[in-house]
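Numbering (UniProt numbering), first residue to last: 1 to 358.
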Amino acid sequence: MSSPASRGAKCSPATNQRRQTPKYDTPGSCVQFDYLVASTGWSGICDRDTQQREYSLSELQHLFGMRLVAWDGRSRPLVDRESRVIAVLGGRPNNAEYLSLTEQAARELEAARAELHFRADQRSGRRGTFSSVLSAQVPGNLSLPVAMALVFQRLFALACFFRIAGFANRLFQTWNPAVHSLYVLTLDALTHTYNPALRRNFSRRLSAFAAATLNFGPATVTLPHIDALNLAWGWCTITALGFFNPDVGGHLVLWDLRLIIRFPPGSTILIPSAILRHSNVGIGEGEQRYSFTQYTAAGLFCWVDHNFRTEAAVDEETRDDLEAQAQRARDRQSRWATGSNSYQQWTVVLNFTHLYLL
1 MSSPASRGAK CSPATNQRRQ TPKYDTPGSC VQFDYLVAST GWSGICDRDT QQREYSLSEL
61 QHLFGMRLVA WDGRSRPLVD RESRVIAVLG GRPNNAEYLS LTEQAARELE AARAELHFRA
121 DQRSGRRGTF SSVLSAQVPG NLSLPVAMAL VFQRLFALAC FFRIAGFANR LFQTWNPAVH
181 SLYVLTLDAL THTYNPALRR NFSRRLSAFA AATLNFGPAT VTLPHIDALN LAWGWCTITA
241 LGFFNPDVGG HLVLWDLRLI IRFPPGSTIL IPSAILRHSN VGIGEGEQRY SFTQYTAAGL
301 FCWVDHNFRT EAAVDEETRD DLEAQAQRAR DRQSRWATGS NSYQQWTVVL NFTHLYLL
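Here it is, written out as structure tokens:
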């Protein structure tokens, strides 16, 4: 789901909030989560710093000095120097039924891939070479070819995707309740107030996200990138699916944090994808990896915040109002700090979890 401001939009200019080129010699234990974002404060900044290719585990460890996290799939937050939970290795429920459902989801994606015809831009793009299709709203539901729309409707009606979406939503609500609430209220405003005819991908109970992408593989391995058009302090969910050896490949690489995270099939991770550069390590020959991601475009939050108007429209309306212009400038300057400071403090959950301190 994306607003007119984000549909086919280019990344916002950064002005005095330019993204700094990451310095990979900073120890992981000293990471300061204070990323500079677009001048509006809503979104990230386009990423042009990293060569668009796959990197091996050996390269990441020896050339970039990254730390390998042998994650076992249990829930772990990533915590910054301000004691904020900035991302979560969510894992999966500890039961065989859920693992079986995620394996079913992978098989469903494989079967659906054989039914679909992908355009060239859906088979290869800046994120990597694999087949993907997104489902979103542009405050009007995204128009997909009939065959693809039917596949999405069928897949999202399956119990396996219900369970995955619901588990990811509970992780989001537990670890980042304030931002989760913002997502819920924003989507409610769009689907209840702005246009009740808009269709959600999942029910309100199952997902706070407006958009989803299905990566049909058969070897979904993303190249280093930033999803700059997502909300700067927002989270997206990434669920790894398929049949591959997570000790050999499929790891999630968080470049700015200098972490290589083992990412087992069926597990879910939540990250601020608009500001953290991320990618995957390649999988073995003959293996299959798919993924299911959920997110909400920054333009939607802006659209709702401006009472269903674009940033440009509000600029035009306030052009001759110096006081309103000054307030808008203050809002832009403070938006990122206000948003990121709404992250939950790790002390709230200290009694029931282990931490990866960054």
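Glycine included, every Cβ here is placed at the ideal spot set by N, Cα and C.
> Are the segment 260 to 274 and the segment 223 to 234 touching by the rule of at least three beta carbon pairs closer than 8 Å?
Replying inline: yes
> At which residues does the beta strand (DSSP E) containing threonine 268 begin and terminate?
Replying inline: 268 to 271
> Does any residue of chain B bring its CB to less than 9 Å from the CB of tryptophan 303?
Replying inline: As a matter of chain content, chain B is missing from the structure shown, which is built from one protein chain.
> Using the rule of at least 16 other Cβ atoms within 10 Å of the residue's Cβ for burial, across every protein chain shown, is phenylalanine 263 buried or exposed?
Replying inline: buried
> Between tyrosine 183 and leucine 171, what straight-line distance do the alpha-carbon atoms span, to the nearest angstrom?
Replying inline: 14 Å
>> Out of Thr191, Arg163, Leu322, which one is the CA nearest neighbour of glycine 266?
In response: Arg163
>> Does the structure place the segment 153 to 169 close enough to the segment 68 to 86 that three or more beta carbon pairs sit under 8 Å?
In response: no
> Helix, strand or coil: which one does DSSP assign to alanine 241?
Replying inline: Inspection of the sequence shows that residue 241 is occupied by leucine rather than by alanine. Residue state, collapsed to three classes: strand.
>> Only counting the same chain, and skipping five residues up and downstream in sequence, which positions put a Cβ closer than 8 Å to that of valine 253?
In response: Tyr55, Leu60, Met66, Pro224, Leu259, Ile260, Ile261, His278, Ser279, Asn280, Val281
> Quick one: Cα of serine 340 to Cα of glycine 284, how far?
Replying inline: 37 Å
>> Quick check on DSSP: helix, strand or coil for proline 77?
In response: strand
> If we ignore side chains and look at the alpha-carbon of each, how far apart do arginine 328 and alanine 228 end up?
Replying inline: 22 Å
> How long is the line joining the alpha carbons of glycine 299 and histidine 192, rounded to whole angstroms?
Replying inline: 18 Å
> Mapping DSSP to helix, strand and coil, what is glutamine 325?
Replying inline: helix
> Quick one: is glutamine 345 buried, meaning 16 or more other Cβ sit within 10 Å of its Cβ, or exposed?
Replying inline: exposed
>> Considering only their Cβ atoms, is the gap separating alanine 210 from leucine 149 smaller than 9 Å?
In response: Per the sequence shown, residue 149 should be read as alanine rather than leucine. No, the pair does not count as a contact, with Cβ atoms beyond the cut-off.
>> Here's the rule: buried if 16 or more other CB atoms are within 10 angstroms of the residue's CB, otherwise exposed. What is glycine 286?
In response: exposed
> Looking at C-alpha atoms only, which residue of Thr239, Leu187, Leu190 is the closest neighbour of glycine 91?
Replying inline: Thr239
>> Rounding to the nearest angstrom, what Cα-Cα distance links proline 77 and arginine 309 in this structure?
In response: 36 Å
>> Just verifying my parser: in three-state terms, what is the DSSP assignment at glutamine 52?
In response: coil
> In terms of residue numbering, what span does the beta strand (DSSP E) encompassing asparagine 215 cover?
Replying inline: 211 to 217
>> Can you find the residues in the same chain that come closer than 7 Å, C-beta to C-beta, to alanine 70, ignoring five residues on each side of it along the sequence?
In response: Arg262
>> Measuring straight from C-alpha to C-alpha, what distance separates leucine 63 and aspartate 331?
In response: 40 Å
> How many angstroms separate the CA atom of alanine 208 from the CA atom of leucine 187?
Replying inline: 7 Å
> Can you give the Cα-Cα distance for isoleucine 226 and glutamine 52, rounded to whole angstroms?
Replying inline: 12 Å
> For histidine 251, which of helix, strand or coil comes out of DSSP?
Replying inline: coil
>> Between leucine 190 and valine 304, how many whole angstroms is the CB-CB distance? I'm expecting something under 8 Å.
In response: 7 Å
> Over what stretch of residues does the beta strand (DSSP E) that includes asparagine 280 continue unbroken?
Replying inline: 278 to 280
> Is alanine 105 near leucine 270, with beta carbons less than 9 Å apart?
Replying inline: no
>> Out of Leu89, Ala168, Glu311, Glu316, which one is the CA nearest neighbour of phenylalanine 292?
In response: Ala168
> Any idea if residue 364 is buried or exposed, counting beta-carbon neighbours within 10 angstroms, 16 or more meaning buried?
Replying inline: The displayed coordinates of the chain run from 1 to 358. Any statement about residue 364 would go beyond what the structure contains.
> Near arginine 113, which residues of its chain fall below 8 Å by C-beta distance, leaving aside the five closest residues on each side in sequence?
Replying inline: Ser131, Phe216, Gly217, Pro218
> When DSSP labels each residue in this structure, what does glycine 299 get in the three-state scheme?
Replying inline: helix
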